[in-house]
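Numbering (the numbering used here), first residue to last: -15 to 715. The beta carbon of each residue, even a glycine, is placed where N, CA and C say it ideally should be. Here the structure is laid out as C-alpha cells; the discussion comes afterwards.
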C-alpha cells in the first residue's frame, strides 16, 4: 500500500524485530555509541524499548503508540529512543529486566525503560496503553511526566539512578559465601522433588494452574530423579508426573495437531488455548524430552510426538544452508484480503469450515456419520467455538475452535461404531485436509534470525532423538546444522562464537557489519550440542571443537573470585552490570548446563580441573540450591551427575561392525543420566586416544566388540553381550 511515510535508522539493521520498526515515526536508534553520544551531547534522557519479533504485546504497543505520529513527536522531542531485539542482545535485556523486576515486581515484553544519558535506569515497566484509563496511566502521560521531571528535578533523578544501580549491583551478586564445597546432592534432589510435587497439577499435569509453560527443565529433573530412585514410591511418582505432563501437553491445544510442533505456552490450566507463537528453543528441548520419555517407557506415542516436532522444524524453521530460524509469530491475517492481523488466525477453525472440508460419509459407522462428525468429536470442536471468552480478552477467537484431543481413540471409535483400526486413518485424512486448507491462509511472520544458542538446543534435539529412535536422518540433520554453525557463527581466527546471523536476499546468509560476539549461553548450548552430536555420530571432530570452545568459555566468562560464569564477557562499557542468571526458565540457565558440560569435557579429555570448576559453580549457587532448588531444576539435576561421577561407557570395536552397532543400539536405548559414550576404534593416532591414554590398554575380547564401564578412568571387567551391558546401565 504505497511507500512508507517514515523511515528511520533501523532500516540498516539485520534483525527482523528492528526492521519491523523501521517505518515508525519514532526516530529509533539501535543500541550503540551513536545513540549514547546524542543523549550526552543533547543532555536528553533515553527511552529504551526491548522486545522480539514474535511478541504479541510488542505488536500491540507498536500499533497503538509507536505508529502514532503524535506520540512519535513527543518521543523524538524529549528522548533519544533506542530499540533492542532481546534475542540479539540478551545481555542488555537482562541488565534492564533486573531493574524492572526489582522495582515493579514483574517483568515481560515489550520492556519500556527510561535511562539517564549515562545509561542508568530510573523508571520502567512493560506494555503501556497509549492513553490513560481508569486502571492505568497511559504511555503519552508517562512520557510527558518523565520529560517534566528531567527538566525540573534533574539532580534528584541522577542521584536516584545512582542509588538504584548500587542496590542492583549488590542484590544481583552471586558468589561463594565462605563455604567452598558443593551442597549435598541428596538434600538438593529431595527438596527439589518435594517442591515440584507440591506445585504439580494432578489432573492436567504441569506445575501451575495457569498460564502453563512446557518447562522441559522440570521434566528432565524428574527423569533423573526417577533413574536414581527407580524402586521407591517417590521415583515412581516422579516418572508418573513427567509422563502424564508430556501426554497432556501432546493432547492439548498447545500442540499444533495440524502443522506440528508446540506453541509457546497455554493461557489456561488444560493446555488448551495457547499463545500461538512457536519458538525454536521449545522445539529443541521438547524433542529431547519426548525422546527420553520414549527411551524410558518404550511407548511409541512419545516417539511419534518427537517425530512430529522434528518434521515441523525441518519443514518450517530450517534454512537451506543448514541453520535453524528463531520463531514463528502468533499473529497473522485471517484471509488474504484482511487488513488486520489476529492472534491464532492461522491455526483456529470454525465448525462450519470443518463440516465443509470433511463432508464424506464414513463407511461402516453409525448411519449418517460424516468424517467431520468423527473429527470434530475427537478434537473437541463446538458449533459456537470452544474458546473460553475469559481466555480471549480481545475477542480474536470468538466462534473459533482450538483443536484439543478430548477423548481416547477407544471412546471416539465406540461412539461411532468404528473398528479399532479405522479411526487412526480417518483422523489422519482429516488432519491432511485441514493442513491443505491452512496452506491457503496467509502465514504468520517468520523470524529468520539464526542464533548460536538456540541452534545448539535444536542440534541437541535432533542428535538425541536420532540416537534414541535409531533414526540416522536426524543425526545427519544435526551434523548439517553443526557444520552451519562452524561456517557462519564461528570465527576461526579468534576461536570465538558469534551470536547471530540472518537470512539475506536470495537465501544467502548475512552477517551484521559489526557481528555480535557470542554470550555464555551460546557457548554452553553449542558445547552441549557437540557432545550430544559426538555420542550420536561418533565423529571425533565435534568432540575436539567442543573442548576448544570450553577452553574459550573459561577464558571469556569465568569469575575466578566468586566462581561460576558471567553471562557476558568483560569490557563493554555500555553494560552497567555483569550478571549471572540464577533461574532455569523457558531455557535452562547457562551455569546449570555448564556443570554437566564440564563433567563431560573432563571425561573426554582427562582434564580433571574441569571437575573442580563444576564443583565451584555448585558451591556458588549453594544457598539457592538448598533453599529453593525448584528455581534451578537443571542445576539440581547436575548435582546428582556431579556426586555420582559420570560413567564412561567405552566400546572397543569397529564402528561399522554389526557387533559394535548392536552394543551402541543397546547403550542408546537406555536412559542413563550419568553416562558418557565413546568408541575406541583402535586408531591410536586419533583425537580420543591422544586425550585419554588409558584407552590404549582396553582391547576386544575374543575378537568381538567389547564394552567397559569406567569411572575416573578405572574400568570394569569387559562385557561382550548387549544384554549384560543393558543390566549394567540400568541398575
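With a contact defined as Cβ atoms closer than 8 Å, residue 638 and residue 665 qualify at about 7 Å. The shortest C-alpha to C-alpha distance from residue 91 to any of 102, 103 and 77 is the one to 77. Rounded to the nearest whole angstrom, the CA to CA distance from residue 465 to residue 549 is 26 Å.
Residue environment for residue 455: buried (at least 16 other C-beta atoms within 10 angstroms of its C-beta). For residue -12, the closest C-alpha among the options -4, 8 and 607 is that of 8.
Rounded to whole angstroms, the gap between the alpha carbons of residue 350 and residue 336 is 21 Å.
Residue 304 holds the alpha-carbon nearest to the alpha-carbon of residue 489 among 709, 441 and 304. A check of alpha carbon separations from residue 573 across 607, 238, 211 and 619 identifies 619 as the nearest.
Look at residue 494 here: in three-state DSSP terms it is strand. Counting the other CB atoms within 10 Å of its CB gives residue 321 a total below 16, which places it among the exposed residues. Here the region 149 to 161 makes no contact with the region 222 to 235; the two share fewer than three CB pairs at distances below 8 Å. Of all alpha-carbon atoms in 521, 474, 39 and 177, the one lying nearest the alpha-carbon of residue 500 is that of 474.
When Cβ pairs closer than 8 Å are counted between the two stretches, the region 395 to 404 is seen not to touch the region 252 to 269, the count staying below three. Shown here, residue 564 sits in coil according to DSSP, grouped into three states, outside any helix or strand. Looking at the backbone, the Cα of residue 295 and that of residue 110 are separated by about 35 Å. Nearest to residue 103 by C-alpha distance, out of 565, 16, 570 and 457, is 16. Under the three-pair Cβ rule at 8 Å, the region 360 to 369 counts as touching the region 334 to 348. Going by DSSP, residue 445 is part of the alpha helix (DSSP H) stretching over 436 to 452. Residue 315 carries a strand assignment under DSSP once its states are collapsed to helix, strand and coil. Judged by beta-carbon spacing, residue 683 lies within the 8 Å limit of residue 636, meaning their Cβ atoms are closer than that value.
For residue 15, the secondary structure class from DSSP, reduced to helix, strand or coil, is coil. Counting only runs that start and end inside the region 320 to 345, the alpha helix (DSSP H) elements of at least 4 residues fall at 335 to 341. Sequence-distant partners of residue 661 (beyond 5 residues in either direction) whose C-beta falls short of 7 Å from its own C-beta, in its chain, are 519, 633 and 651. Here the alpha carbons of residue 624 and residue 182 stand approximately 21 Å from one another. In the three-state scheme derived from DSSP, where H, G and I count as helix and E and B as strand, residue 581 is classed as helix. For residue 271, the enclosing alpha helix (DSSP H) has its first and last residue at 264 to 281.
For residue 632, the enclosing beta strand (DSSP E) begins and ends at 631 to 636. Inside the region 494 to 561, DSSP marks whole alpha helix (DSSP H) runs of 4 or more residues at positions 504 to 521 and 524 to 541, from first to last along the chain. Judged by DSSP in its simplified three-state form, residue 30 adopts strand.
Apart from the 5 residues on each side of it in sequence, residue 597 sits with its Cβ closer than 6 Å to the Cβ of 582 in its chain, given in chain order. Here the alpha carbons of residue 667 and residue 312 stand approximately 46 Å from one another. Under the three-pair Cβ rule at 8 Å, the region 423 to 442 counts as touching the region 321 to 331.
As the crow flies, the alpha-carbon of residue 655 is around 39 Å from that of residue 371. The three-state secondary structure of residue 259, taken from DSSP, is strand. Bridge pairing for residue 487: 493 [DSSP]. Here residue 54 is exposed: its Cβ has fewer than 16 other Cβ atoms, across all protein chains shown, within 10 Å.
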